[in-house]
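Just so we're aligned: the sequence shown equals residues 1 to 376 in the UniProt record's numbering.
Using N, Cα and C, we set each Cβ at its ideal position, and we do this for glycine too.
A short write-up of the structure that comes next.
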Amino acid sequence: MRTLPMTDGELAAWLRLSLARGLKPAVLRTLLDAFGLPEALLGQPFAAIAAASSEASARAVLAPPAAGFDEQLAAVLAWREAPGNQVLTLGDPAYPPTLLTMPDPPPLLYIKGKLELLHARSIAVVGSRSATPQGVEDAGRFARALSDAGLAVVSGLALGIDAAAHRSALAGPGSTVAVIGTGADVVYPSANHQLAHQIAATGVIVSEWPLGTPARSAHFPQRNRLIAGLSSGVLIVEAAMRSGSLITARLANEMGRDVFAIPGSIHAPLSRGCHRMIKQGAKLVETPEDVLEELGFAVPAVARPSLRAPSGIETSLAPEAQQLLDALGHSPATLEILATRTEMVEARLQAALLQLELAGHLSVLPGGRFVRASHG
Numbered sequence: 001m002r003t004l005p006m007t008d009g010e011l012a013a014w015l016r017l018s019l020a021r022g023l024k025p026a027v028l029r030t031l032l033d034a035f036g037l038p039e040a041l042l043g044q045p046f047a048a049i050a051a052a053s054s055e056a057s058a059r060a061v062l063a064p065p066a067a068g069f070d071e072q073l074a075a076v077l078a079w080r081e082a083p084g085n086q087v088l089t090l091g092d093p094a095y096p097p098t099l100l101t102m103p104d105p106p107p108l109l110y111i112k113g114k115l116e117l118l119h120a121r122s123i124a125v126v127g128s129r130s131a132t133p134q135g136v137e138d139a140g141r142f143a144r145a146l147s148d149a150g151l152a153v154v155s156g157l158a159l160g161i162d163a164a165a166h167r168s169a170l171a172g173p174g175s176t177v178a179v180i181g182t183g184a185d186v187v188y189p190s191a192n193h194q195l196a197h198q199i200a201a202t203g204v205i206v207s208e209w210p211l212g213t214p215a216r217s218a219h220f221p222q223r224n225r226l227i228a229g230l231s232s233g234v235l236i237v238e239a240a241m242r243s244g245s246l247i248t249a250r251l252a253n254e255m256g257r258d259v260f261a262i263p264g265s266i267h268a269p270l271s272r273g274c275h276r277m278i279k280q281g282a283k284l285v286e287t288p289e290d291v292l293e294e295l296g297f298a299v300p301a302v303a304r305p306s307l308r309a310p311s312g313i314e315t316s317l318a319p320e321a322q323q324l325l326d327a328l329g330h331s332p333a334t335l336e337i338l339a340t341r342t343e344m345v346e347a348r349l350q351a352a353l354l355q356l357e358l359a360g361h362l363s364v365l366p367g368g369r370f371v372r373a374s375h376g
């Protein structure tokens with residue numbers, strides 16, 4: 001899939017309007033609907049533009065380009081010539097159709113990689129940058145299963161949940177879409193440089209920001225609206241109460257997309273955002289198949305593993321080890337908590353813990369806490 005060939009003059013007009021200070025994407029879309037392509041809009045008299053929008057918007061449209069515009073245009077033209085790089089405009093037939101359902105689609109998109117993935121059915125997998133090991137594992141497991149089902153997995157190239165989702169999705173046929181909050185020629189965070197290189201090769205990176213734009217915190221909520229816009233649904237893996245992932249989920253809900261959340265322990269800070277979304281109507285999901293079913297995929301019954309250990313494994317344990325595993329539940333616990341719950345003397349408790357660890361039923365976390373091992 002290729003974009004329409006665009007003359008340098010046409011691209012210059014699009015770039016000028018996309019950079020116009022104070023001209024919001026929604027207003028620009030209205031003006032383009034009224035007057036046609038950017039070159040035609042730039043040729044309109046002030047009064048006509050003001051009548052179709054406002055005097056402030058007309059001033060923004062007709063203001064001369066900022067200093068350095070010619071250099072910016074030259075950089076975009078050069079960047080577009082590199083293999084795998086494309087610049088999409090709002091008027092291009094190859095523009096992602098899901099973004100056109102938004103009131104304020106970006107006038108320009110900078111693309112690195114496989115443009116066709118922006119037309120594939122997709123789901124966002126998002127969550128905390130400071131994810132727990134379990135959260136990283138869950139993000140990877142869900143993303144791989146969703147990619148295996150043919151869905152492109154959309155995320156934001158952040159550390160933690162985003163990076164885990166991208167890596168696992170790359171291994172499946174659905175691949176992955178990274179929506180970034182910097183220029184398409186900037187990788188943030190730098191720790192994801194190699195991952196970004198892999199995504200550009202077999203997935204796609206997309207940005208609405210001008211080339212060279214550095215990371216700024218104010219850009220990420222705007223990036224999150226594109227993640228929501230591109231996706232059929234959003235899955236939140238782990239999120240604190242004040243989290244960018246919750247912004248993505250709220251925007252997705254406003255756009256009529258499905259919102260899914262993985263529950264966790266009531267004691268875990270990174271479960272609270274998920275629980276809040278579930279209270280507000282997000283669908284609680286325990287397996288990738290839960291998500292696929294909601295999206296209308298046929299899921300064979302045999303492909304629905306439980307979050308619990310496979311049947312028959314726990315029945316082979318000694319009674320005290322089984323008692324201890326039941327007491328452990330599904331949240332980390334200290335030795336003191338387990339002693340209180342089981343009323344075992346320390347020697348018997350230690351013996352039961354050792355049996356469970358050797359049998360692969362529990363893991364020891366930093367700080368002397370024990371957690372049930374994840375099966376499946």
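Counting of Cβ neighbours within 10 angstroms places E254 among the exposed residues, the total staying below 16.
V204 has G113, V177 as its beta-bridge partners, per DSSP. Within the same chain, and ignoring the five residues on either side of F220 in sequence, the residues whose Cβ sits closer than 7 Å to its Cβ are G181, G244. Proximity to G172 across A152, G156, L159 peaks at A152, based on C-alpha coordinates. Distances from the CA of D326 to each of Q222, G84, F370 were compared; the closest alpha carbon is that of F370.
For T182, the three-state secondary structure derived from DSSP is coil. The beta carbons of V237 and L109 sit no closer together than 7 Å. The straight-line gap separating the alpha-carbon atoms of R121 and A94 is approximately 15 Å. For Q86, the uninterrupted beta strand (DSSP E) run begins and ends at 85-89, by DSSP. For L151, there is no enclosing beta strand (DSSP E), as DSSP marks it with neither H nor E.
A contact between stretches requires three or more CB pairs, one per stretch, nearer than 8 Å, and the region 336-351 fails this requirement with the region 266-273. Separation of P25 and M6 (C-alpha to C-alpha, rounded to the nearest whole angstrom) is 21 Å. Scanning the region 11-77 for uninterrupted alpha helix (DSSP H) segments of 4 residues or longer gives 25-35, 38-42, 46-52, 55-62, listed from N- to C-terminal end. The straight-line gap separating the alpha-carbon atoms of P64 and W14 is approximately 14 Å. Burial of G160 is indicated by the presence of at least 16 other C-beta atoms within 10 angstroms of its C-beta. Per the Cβ contact rule, the region 138-151 is in contact with the region 284-300 (3 or more Cβ pairs under 8 Å). For D258, the enclosing beta strand (DSSP E) has its first and last residue at 258-261.
Rounded to whole angstroms, P214 and A184 show a C-alpha spacing of 10 Å. Sequence-distant Cβ neighbours of A351 in its own chain, meaning closer than 8 Å and more than five residues away, are E320.
Here V371 carries a strand assignment [DSSP, helix/strand/coil]. In this structure, DSSP gives V364 an extended state, which the three-state scheme calls strand. Here D162 is buried. Its C-beta has 16 or more other C-beta atoms within 10 Å.
Judged by DSSP in its simplified three-state form, V136 adopts helix.
Considering only E357, T30, P38, the residue with the shortest C-alpha distance to L324 is E357. DSSP, read as helix, strand or coil, puts A124 in strand. In the DSSP assignment, G233 falls within the beta strand (DSSP E) that extends over 233-236. According to the DSSP assignment, L353 belongs to the alpha helix (DSSP H) that extends over 346-358. DSSP places L295 outside both helix and strand once states are collapsed to three, so it counts as coil.
Counting along the chain, the unbroken alpha helix (DSSP H) around P269 starts and ends at 269-279.
Contact between A139 and A158 is ruled out by a C-beta separation of about 11 Å, above the 8 Å threshold. From the listed residues K112, M277, S128, G91, the smallest Cα separation to Q198 is found for K112. DSSP, read as helix, strand or coil, puts A94 in coil.
Around the beta carbon of M241, fewer than 16 other beta carbons lie within 10 angstroms, which makes this residue exposed. About 4 Å separates the CB atoms of A60 and L23; that is less than 8 Å, so the two are in contact.
Note: A333 is bridge-paired with F370 in the DSSP secondary-structure output. The residues V187, in chain order, have a CB closer than 8 Å to that of H193 in the same chain once the five nearest residues on each side in sequence are set aside.
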